[in-house]
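Chemist: Residue numbers (this note's numbering): 1 to 114.
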């Protein structure tokens with residue numbers, strides 16, 4: 001196993017580990033002010049904090065799972081495939097978040113859970 005693979009495992013693992021408590025904090029304390037594009041007049045803070053919190057928790061859990069899987073099979077795969085898997089997972093979850101937020105803004109179908 002090369003040094004760059006170990007470094008990428010540590011970096012993505014720590015970022016994933018950081019996302020889980022950040023997601024819980026945003027979801028519990030309704031910290032939507034850190035969200036880019038959030039508008040107090042247009043968006044419900046309960047819905048946006050739930051969307052962002054759930055997606056950050058999911059991103060952290062999947063990131064840790066992918067890191068553990070790649071750590072177990074480290075002799076079989078290349079570092080490029082691991083980085084591609086992590087980046088595509090992150091982009092997929094971010095796209096999911098923004099599509100759901102756009103649909104909420106467009107239709108206002110999501111009910112407030114406060």
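Even for Gly, the Cβ is constructed at its ideal location relative to N, Cα and C.
Assuming residue 86 is part of the alpha helix (DSSP H), what are its boundary residues?
Modeler: Counting along the chain, the alpha helix (DSSP H) containing residue 86 begins and ends at 79 to 107.
Chemist: Rounding to the nearest angstrom, what Cα-Cα distance links residue 6 and residue 22 in this structure?
Modeler: Going by the C-alpha atoms only, they are around 24 Å apart.
Chemist: Is residue 10 buried or exposed, if buried means 16 or more other CB atoms sit within 10 Å of its CB?
Modeler: Under this definition residue 10 is an exposed residue.
Chemist: In this structure, how does DSSP classify residue 34 when only helix, strand and coil are distinguished?
Modeler: Note: residue 34 maps to helix in three-state DSSP.
Chemist: Mind checking which residues open and close the alpha helix (DSSP H) that includes residue 54?
Modeler: 45 to 72 is the extent of the alpha helix (DSSP H) around residue 54.
Chemist: Run the CB neighbour count on residue 43, radius 10 Å, all protein chains shown included, and call it buried at 16 or more, exposed below.
Modeler: By the 10 Å Cβ count, residue 43 comes out buried.
Chemist: Should residue 16 be labelled buried (16 or more other beta-carbon atoms within 10 Å of its own) or exposed?
Modeler: The residue is buried, with at least 16 neighbouring Cβ atoms inside 10 Å.
Chemist: For residue 88, which of 66, 50, 108 and 38 has the nearest alpha-carbon?
Modeler: Comparing Cα-Cα distances from residue 88 to each of 66, 50, 108 and 38, the minimum goes to 66.
Chemist: Quick one, are the C-beta atoms of residue 57 and residue 24 less than 8 Å apart?
Modeler: Closer than 8 Å, so yes.
Chemist: At what residues does the alpha helix (DSSP H) containing residue 127 begin and finish?
Modeler: For residue 127 there is no data in the structure shown, the boundaries of the chain being 1 and 114.
Chemist: Are the beta-carbon atoms of residue 83 and residue 53 separated by less than 8 Å?
Modeler: No.
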